[in-house]
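Asks: The sequence shown begins at 8 in the working numbering and counts up one residue at a time.
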Amino acid sequence: MAVVFKKTKMLTDVPFHYCPGCTHGIAHRLVAECLDEINCEGNVIGIAPVGCAVFAYNYFNCDMLEAAHGRAPSLATGIKRTHPDTVVFAYQGDGDLASIGTAEIIHAAARGENVTIIFINNAIYGMTGGQMAPTTLVGQKSTTSQYGRSIPLNGNPIRVSEMLATLDGPAYIARVALTDAANVRKAKQAIKRGFEMQLNKKGFSLIEVLSTCPTNWGMTPVQAAEFVKNEMTKEFPLGVFKDVTKE
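What follows is the structure in structure tokens.
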């Protein structure tokens, strides 16, 4: 019998720990498939964040390091500069990247570090109890914004992709979503594009992935996917915000 589908060799056999309906697992799979397809097995180093993906080092079948909260871009910078021929990626959530790690990601992007950042945006702090994140939508409820995010009180959500795209350093900035099969395919194309930028020494790339958090949103997995598709994309529109090969 012909094999038509198999698990990528860039993922281990360790079961994911994520909540039902969380799309971290899909994002992991896409990253691993892209690493497999660019034939970098044995020559890739990933960086795990603090947050829901803190155990990412158990799932990717490559060398992995654990970064302090928000410091993954600095760690990626050091690794890439000392091992310039190694594929280096960091996997970060919105609290990790867009809150405590804001300075790190801005300056890594401004310097044009030749690394690839996978930025998971689920609009909430998932691991620590569902607090409001820098990406929480206006009106969205959380444990620290129980009446919904208020602009006068809490400010506006941060659009990371748009912000970084204004800098001269980045080579590729895109935002994708994991809401359905068509968008999952587009997400994989963007992630692979980010790795190709690194291989071609074009510089910094970041792929923002709109993801679900059914547990902290108080939704079913289906409702969570619809929330991303119908609500999150209004605040965080999908698309490519910078591609130096097309400028």
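Every residue, glycine too, gets a C-beta built ideally from N, C-alpha and C. All values derive from a computational prediction rather than experimental measurement.
(1) Apart from the five residues on each side of it in sequence, which residues of its chain come closer than 7 Å, Cβ to Cβ, to Tyr64?
(2) Comparing alpha-carbon positions, which option in Thr123, Ala117 and Gly85 lies nearest Phe96?
(3) Strictly by DSSP, which residues pair up with Met8?
(4) Could you pull the start and end residues of the alpha helix (DSSP H) that Lys193 belongs to?
(5) Can you tell me whether Lys87 is buried or exposed? The criterion is at least 16 other CB atoms within 10 Å of its CB, across all chains shown.
(6) Along the chain, where does the alpha helix (DSSP H) that runs through Ala115 open and close?
(7) Say whether the segment 149 to 156 touches the segment 186 to 203, bearing in mind that this needs 3 or more beta-carbon pairs closer than 8 Å, one atom from each stretch.
(8) Can you confirm whether Val61, when its beta carbon is compared against all beta carbons of chain D, has any partner nearer than 8 Å?
(9) Would DSSP call Ile52 helix, strand or coil?
(10) Between Asn121 and Gly210, how many whole angstroms is the CB-CB distance? I'm expecting something under 8 Å.
(11) Which residue from Tyr179, Pro177, Pro164 and Asn68 puts its Cα closest to that of Glu242?
(12) Could you check the C-alpha separation between Gly246 and Val10 for me, to the nearest Å?
(13) Alpha carbon to alpha carbon, how far is Leu217 from Ala231? Give it in angstroms, no decimals.
Replies: Answer, in terms of the structure:
(1) So the list reads Ala55, Met71 and Glu73, once near-sequence residues are dropped.
(2) Shortest Cα-Cα distance from Phe96 to any of Thr123, Ala117 and Gly85 involves Thr123.
(3) None, per the DSSP bridge assignment.
(4) In the DSSP assignment, Lys193 falls within the unbroken alpha helix (DSSP H) covering Ala188 to Leu206.
(5) Counting C-beta atoms within 10 angstroms of its own C-beta, Lys87 has 16 or more neighbours from the protein chains shown and is therefore classed as buried.
(6) Its alpha helix (DSSP H) spans residues Thr109 to Arg118.
(7) With the cut-off at 8 Å, the segment 149 to 156 and the segment 186 to 203 do not touch.
(8) In the structure shown, chain D cannot be found, because there is only a single protein chain.
(9) If DSSP states are grouped into helix, strand and coil, Ile52 belongs with the strands.
(10) Correct: roughly 6 Å between the Cβ atoms.
(11) That would be Pro164, whose Cα lies nearest to the Cα of Glu242.
(12) Roughly 34 Å separates the two Cα atoms.
(13) Whole-angstrom Cα-Cα distance: 11 Å.
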